[in-house]
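Engineer: Mind having a look at this structure? Questions to follow.
Protein chains in written order, with our numbering: chain A, 4 to 333; chain B, 4 to 276.
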């Protein structure tokens, strides 16, 4: 699927969640070996990505991994330098395709003098079969705010208005670019609820995020993008079982580089002789650790948090593909 | 996943009937007008400055002074400040509006929808025309009410039509500037172009009162031709050919559109736009 040499084949675990949700094997939207260069920056380096009917795919990656670029390609807002983009069986630049797609993009400023109703009515006018106004307001949780100007809304309400704009055409496919970034925990969870309801109502969603927690809470499938490449394409459960490793803590006189060289060490934090090592399997690492520093103390072994798994995953990728340095090789 | 792509998996949305497509343009224009009217920092200076200049330079020193055979200052400057005002509404409404919405990502949000891009630009143009018409109406009221301007009914109409039609070439130029400038540089850039070329084109005071250098420069400036067209309707122009003025503005419009189209394409390859 991703063509990357990985210890576990993605199909092993991915099958379950896909068969549960997929009415079809054919994706609603797809990137195939997509490359995108902006001058010297090689933002996407051969990305394969598919979104199937009724599926929520999380495109997860650190800042600058190419997530927004992937969304722009799927929306026809940028042309791929190489590779193929197909959305709803056509070119995403076609108005006919755009009528079936809704997008929530990262936008610095939305016109603030227009009311929620005016914004929604303008966007509804673009579609042949818009979502009824009342339903739109209800789904996005904007009841009672229709006459409020956009500039007078709270951050969470503004984000829900942008979600409503994305839904105004009652789209088949929703592309949400970092929908919850900058929101507080409560507003984020409220938006998660709305997104879950949309998926259970049969819509297909691609959501980009740099929070593993968000991908884990929402997605049927997680595609991890690092430096313009797909590193993993799997279910959240599979990712956790493969990467949510163990956390080893101890007091040691070893240096950071020595700790990183231990078998299976994925990440190391070292502060005043207190080390914390995240790894896949603790036993071989602890054995090697005790050989190299027989004097170590305060040894503790626990399970790593999800974000550590993500860190392990991305760090691992940076190691196995040294060509992935920013700036491009050609 | 490598299987040939099948399209039978979804039902495409129905096509857009013509009437619904026309409605997009109307809704878009109405929304744009509401948006701009509620921005006093933009709406008030755009509408108020040209009449204010007209009062200061056209009326307060005595509008009945003559600038030529049977032509009063009040009448002459009503035409030239009309051109100045319409041009400002077009350059700011289009140039600054496009630059800001492009730079802040709002245009991208709209371009991701099936909205025809033409509807976006048509709405901005409609609002520029409405603002321009409002400025012309205020100037006419001031001229007739306080400047003793007297013109045949038809001349009022032809002058008004000429002034408002002048929004077109300057909307095109505004579009070009909107794609050239960033969201923060747009206002200073537009001002740095708008104010000097208005002055040098004789829209603030008659060209013959300016040094000879300006009289040689003016025929190379589009607002000069626009001003001359307006002055021609009241018989106060410098005697240039109608076809020359219209032709110059047509060439200017086409060059602006070509420049805007070039920058629009370049924008698509960028990370923002």
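By construction, the Cβ of each residue, glycine as well, lies at the ideal position given by its N, Cα and C atoms. No experiment lies behind these values; they were computed from the predicted model shown.
Anything in the stretch 115 to 129 of chain B with a Cβ closer than 7 angstroms to a Cβ of chain A? List those residues in chain order, please.
Structural biologist: 115, 116, 117 and 118
Engineer: For residue 232/A and residue 48/A, which I take to be in contact (beta-carbon distance under 8 angstroms), what is that distance rounded to the nearest angstrom?
Structural biologist: 5 angstroms
Engineer: Helix, strand or coil for residue 129/A? Go by DSSP, reduced to three states.
Structural biologist: coil
Engineer: Which class does residue 122/A belong to by DSSP, given the choice of helix, strand or coil?
Structural biologist: helix
Engineer: For the pair the stretch 168 to 178 of chain B and the stretch 36 to 47 of chain B, tell me if three or more CB-CB distances fall below 8 angstroms.
Structural biologist: no
Engineer: Considering residue 284/A, what are the terminal residues of the alpha helix (DSSP H) in which it resides?
Structural biologist: No alpha helix (DSSP H) holds residue 284/A; DSSP gives it neither H nor E.
Engineer: Based on the DSSP output, what are the partners of residue 107/A in its beta bridges?
Structural biologist: 179/A
Engineer: Is it a yes or a no for the stretch 86 to 103 of chain B touching the stretch 184 to 194 of chain B, going by three-plus beta-carbon pairs under 8 angstroms?
Structural biologist: yes
Engineer: Given that a residue counts as buried once 16 or more other Cβ atoms are within 10 Å of its Cβ, and exposed if not, what is residue 131/B?
Structural biologist: Residue 131/B is buried by the Cβ-count criterion.
Engineer: Am I right that residue 119/A and residue 87/A are in contact with their C-beta atoms under 8 angstroms? What's the rounded C-beta distance?
Structural biologist: That belief does not hold up - the Cβ atoms of residue 119/A and residue 87/A are roughly 38 angstroms apart, past 8 angstroms.
Engineer: Using CA coordinates, which residue listed in 225/A, 174/A, 280/A and 288/A is at the minimum distance from residue 2/A?
Structural biologist: Only positions 4 to 333 of chain A appear in this structure, which leaves residue 2/A out of reach.
Engineer: Tell me whether residue 201/B sits in a helix, a strand or coil according to DSSP, three-state version.
Structural biologist: helix
Engineer: Does the distance from the CB of residue 137/A to the CB of residue 163/A come in under 8 angstroms?
Structural biologist: no
Engineer: Against chain B, does residue 170/A count as a neighbour if the rule is that its beta carbon must be under 8 angstroms from one of theirs?
Structural biologist: no
Engineer: Going by the beta-carbon positions, is the gap between residue 82/B and residue 234/B smaller than 8 angstroms?
Structural biologist: With a cutoff of 8 angstroms on beta-carbon distance, residue 82/B and residue 234/B are scored as near each other.
Engineer: In the stretch 43 to 58 of chain B, which residues sit with their C-beta less than 9 angstroms from some C-beta in chain A, listed in chain order?
Structural biologist: For the stretch 43 to 58 of chain B, there are no residues whose beta carbon sits under 9 angstroms from a beta carbon of chain A.
Engineer: Taking the straight line between their C-alpha atoms, what separation do you get for residue 64/A and residue 228/A?
Structural biologist: 5 angstroms
Engineer: Closest by CA to residue 229/B, which one among 247/B, 262/B, 158/B and 180/B?
Structural biologist: Among 247/B, 262/B, 158/B and 180/B, the Cα nearest to that of residue 229/B belongs to 247/B.
Engineer: Can you tell me whether residue 27/A is helix, strand or coil according to DSSP?
Structural biologist: Low confidence applies here, because residue 27/A scores a pLDDT of 48, under 50, leaving its location unreliable and the question unanswered by this model.
Engineer: Ignoring anything shorter than 4 residues or poking outside the stretch 103 to 177 of chain B, list the alpha helix (DSSP H) runs there in chain order.
Structural biologist: 109 to 114, 120 to 149 and 156 to 168
Engineer: Taking 8 angstroms as the limit between beta carbons, can you name the residues of its chain near residue 206/A, skipping five residues before and five after?
Structural biologist: 57, 174, 175, 176 and 177
Engineer: Is residue 209/A helix, strand or coil when you go by DSSP?
Structural biologist: Reduced to three states, the DSSP call for residue 209/A is strand.
Engineer: Is any heavy atom in the ligand ZN found nearer than 7 angstroms to the beta carbon of residue 83/A?
Structural biologist: Ligands in the displayed structure: none, and consequently the ligand ZN is not present.
Engineer: Counting only beta-carbon atoms, is residue 108/B nearer than 8 angstroms to chain A?
Structural biologist: yes
Engineer: Work out the CA separation of residue 85/B and residue 53/B for me, nearest whole Å.
Structural biologist: 7 angstroms
Engineer: Mind checking which residues open and close the alpha helix (DSSP H) that includes residue 164/A?
Structural biologist: 158 to 170
Engineer: Please state if the CB of residue 238/A and the CB of residue 71/A are separated by a distance shorter than 8 angstroms.
Structural biologist: no
Engineer: So, is residue 219/A buried or exposed, given that buried needs 16 or more other C-beta atoms within 10 angstroms?
Structural biologist: Buried, since its Cβ has 16 or more Cβ neighbours within 10 Å.
Engineer: From 166/B, 124/B, 121/B and 128/B, pick the residue whose C-alpha is nearest to that of residue 143/B; which is it?
Structural biologist: 166/B
Engineer: Shorter than 8 angstroms from the beta carbon of residue 19/B to some beta carbon of chain A?
Structural biologist: yes
Engineer: Report all residues from its chain with a CB closer than 8 angstroms to the CB of residue 181/B; omit the five preceding and five following residues, and keep chain order.
Structural biologist: 97, 98, 99, 100, 101, 102, 105, 189 and 263
Engineer: Could you name the residues of the same chain whose beta carbon sits closer than 6 angstroms to that of residue 89/B, not counting the 5 residues immediately before and after it, in chain order?
Structural biologist: 135, 166, 169 and 170
Engineer: DSSP on residue 152/A, reduced to helix/strand/coil?
Structural biologist: Residue state for residue 152/A is assigned as strand, using DSSP reduced to three classes.
Engineer: What separation, rounded to the nearest whole angstrom, lies between the Cα atoms of residue 223/A and residue 242/A?
Structural biologist: Near 12 angstroms, if we compare the C-alpha coordinates of residue 242/A and residue 223/A.
Engineer: What does residue 99/B reach in chain A if we use C-beta pairs closer than 8 angstroms?
Structural biologist: In chain order: nothing, as chain A lies at least about 13 angstroms away.
Engineer: Tell me whether the stretch 199 to 209 of chain B and the stretch 123 to 130 of chain B touch, counting them as touching only if at least three CB pairs, one residue from each stretch, are closer than 8 angstroms.
Structural biologist: no
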